[in-house]
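Counting in my numbering, the sequence shown runs from 918 upward without gaps. Glycine residues also receive a C-beta, built at the ideal position from the N, C-alpha and C atoms. Here's the structure we're looking at; comments come further down.
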Amino acid sequence: MNEKYEKLFETLELPNGATLRNRFVLAPMTHTLSHEDGATSEVELDFVESRAKDVGLAITAASYVNQEGKAFPGEPSISKEADLEGLKKLAERTKKGGAKAVIQIHHGGAKSLPELVPDGDVKAPSAVSTVGFGHSEPHDAREMTTEEVDQMVKDFGYATSLAIKAGFDGVEIHGANHYVIEQFQSPYYNRRNDKWKDLFALPNAIADEVLRVAQKEGPNDFIVGYRFSPEEAETPGVTMDNTEKLIKHLIEKPLDYLHVSLMDVHSVVRRGEHEGKKRVDLILDWIEDRMPLITIGSIFSADKALSAIETGTPLIALGRGLLFDENFVRKIKEGKEAEITGYFDPEKEDHHHLPDVLWEAFYKKMYPYPEKPSS
């Protein structure tokens, strides 16, 4: 290994005592590979194992805690006892190469798709029209009742219980990317007048419920993380001021990490008093070394990974980087970083060893990616 990359392979002990073997994290990618009922598929198992084999922490795709929150076709389920058989296989295959296996628990809220939820009844913090995954036309969502919100909080707790029974090393609460927890945190989506009107009531309630179940039912080193988005484009929406307040709530809880969702590790604040400042710098300051931060965003080479770590963030997540080259981490460790494929090649005969559904999605440019360098 080139010695300048050694810091990428240092171990890291989380607050609960669990040790990660290196600083790489498999990002929780939307893979659309589960069966129609949310059950784990063989294709999904093979795919996750191939991408988790070399990282320190592997986070599975967003998995719905209630079918009412199903936000994309082929989304995994962690909502019912019948899911356990597949979840046990998923945990085993994710951990097979030595990574800690964390499952991301999720509810789509307004972003749930009418054709995937019972009776097409999409629920949100407040009535809103929005566009869901793979759609170009908006759909309507109604306001959840107070009782429905209460039940959703319990659903996150039940999902945590299922994750423990399945043998996962932890769960990640999905509070990012315009899904339900972020919606309740956002003044754009949350215009309620009941006990859930406070923008931090639901994030706090779900974190507390998940931690309660984890501490009651899980092993001492069961991992609980929380993912968030630092800003929304909508006005009024989540701003860095809003995010600072969220972080101040979260660092008072026995969480094991925070995970910021970014398209670029080095991105800057878009508006407000912090405009132009690097988001990661602000977030690290606000965390006050209370727990590790995972960052993600446009890491397609060893030097980009090093640049991310040098911001001061302890952990870096790879999404598309590991999709395009399943041996991304191994090549750095073996001193073969120059051989990393850091782009999508539509002419690549082996299709980057991607499942057909994912390869076709990139081929159709459903997701952004670096172009193959011209020769």
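- For Leu-1235, the uninterrupted beta strand (DSSP E) run begins and ends at 1232-1235, by DSSP.
- Annotated as proximal: His-1024 and Gly-986, with beta-carbon spacing under 8 Å.
- Each residue's CA atom was taken as its position, placing Asp-963 and Ala-1076 some 23 Å apart.
- In the same chain as Phe-1139, and ignoring 5 residues on each side of it, the C-beta atoms closer than 6 Å to its own belong to Gly-1087 and Ala-1131, in chain order.
- Closest in C-alpha terms to Ser-1218, from the list Asp-1242, Pro-1231 and Glu-1032, comes Asp-1242.
- For the 8 Å CB-CB criterion, Val-1185 and Glu-1099 do not form a contact.
- In this chain, the beta strand (DSSP E) harbouring Gln-1021 covers 1017-1023.
- For Asn-933 against Asn-1137, the beta-carbon gap comes to about 7 Å, under 8 Å, which counts as contact.
- Only residues of its own chain outside the window of five on either side were considered, and among them Val-1070, Phe-1073, Ile-1090 and Ile-1098 have a CB closer than 7 Å to the CB of Ile-1123, listed in chain order.
- For Ala-935, no alpha helix (DSSP H) segment is defined, and its DSSP state is neither H nor E.
- Residue state for Ala-1058 is assigned as strand, using DSSP reduced to three classes.
- In this structure, Phe-1145 lies away from Ser-1103, with their beta-carbon atoms at least 8 Å apart.
- With respect to Gly-1084, Phe-989 sits apart: the two C-beta atoms are not nearer than 8 Å.
- Secondary structure at Phe-1279: helix, using DSSP grouped into helix, strand and coil.
- Membership of Arg-1129 in any beta strand (DSSP E) is not indicated; the residue belongs instead to the alpha helix (DSSP H) covering 1118-1134.
- Distance from the CA atom of Pro-1231 to the CA atom of Tyr-922, rounded to whole angstroms, is 14 Å.
- When secondary structure is reduced to three states using DSSP, Ser-1178 falls in the coil class, being assigned neither helix nor strand.
- Taking the CA atoms as reference points, Gly-1049 sits about 15 Å from Tyr-1284.
- Using a C-beta cut-off of 8 Å, the segment 1026-1037 makes no contact with the segment 995-1015, since fewer than three inter-stretch Cβ pairs fall below that distance.
- Nearest in C-alpha terms to Pro-1290, of all of Asp-1262, Ser-958 and Leu-1001, is Asp-1262.
- Contact between Ser-951 and Ser-958 holds, since their C-beta atoms are separated by about 6 Å, short of 8 Å.
- Under the three-state reduction of DSSP output, Arg-1196 falls in the helix class.
- Between Ile-1249 and Leu-925, the C-beta gap is smaller than 8 Å, which places the two residues in contact.
- Between Ile-995 and Val-942, the C-beta spacing is not below 8 Å.
- Beta bridge pairing from DSSP links Ala-1041 with Glu-1060.
- In this structure, Trp-1203 keeps its C-beta atom at 8 Å or more from the C-beta atom of Glu-1149.
- Put simply, of Tyr-1106, Lys-1170 and Leu-1119 the residue whose alpha carbon is nearest the alpha carbon of Arg-1129 is Lys-1170.
- The Cβ atoms of Ser-1046 and Tyr-1106 do not sit closer than 8 Å to each other.
- When DSSP states are grouped into helix, strand and coil, Thr-1212 belongs to the strand group.
- The beta carbons of Ala-1222 and Ile-1233 sit closer together than 8 Å.
- The shortest CA-to-CA distance from Val-965 to any of Leu-1175, Pro-945, Gln-1068 and Ala-1255 is the one to Pro-945.
- With a minimum length of 3 residues, the unbroken runs of beta strand (DSSP E) contained wholly in the segment 1045-1105 fall at 1045-1047, 1056-1060 and 1087-1092.
- For Phe-964, the enclosing alpha helix (DSSP H) covers residues 959-969.
- For the options Tyr-1280, Glu-1009, Ala-956 and Glu-1256, the alpha carbon positioned closest to that of Glu-1264 is the one of Tyr-1280.
- If you ignore the 5 residues before and after Ala-1058, its C-beta comes within less than 8 Å of the C-beta of Gly-1026, Ala-1027, Ser-1029, Val-1039, Lys-1040, Ala-1041, Ala-1044, Val-1045, Ser-1046 and Thr-1047, all in its own chain and listed in chain order.
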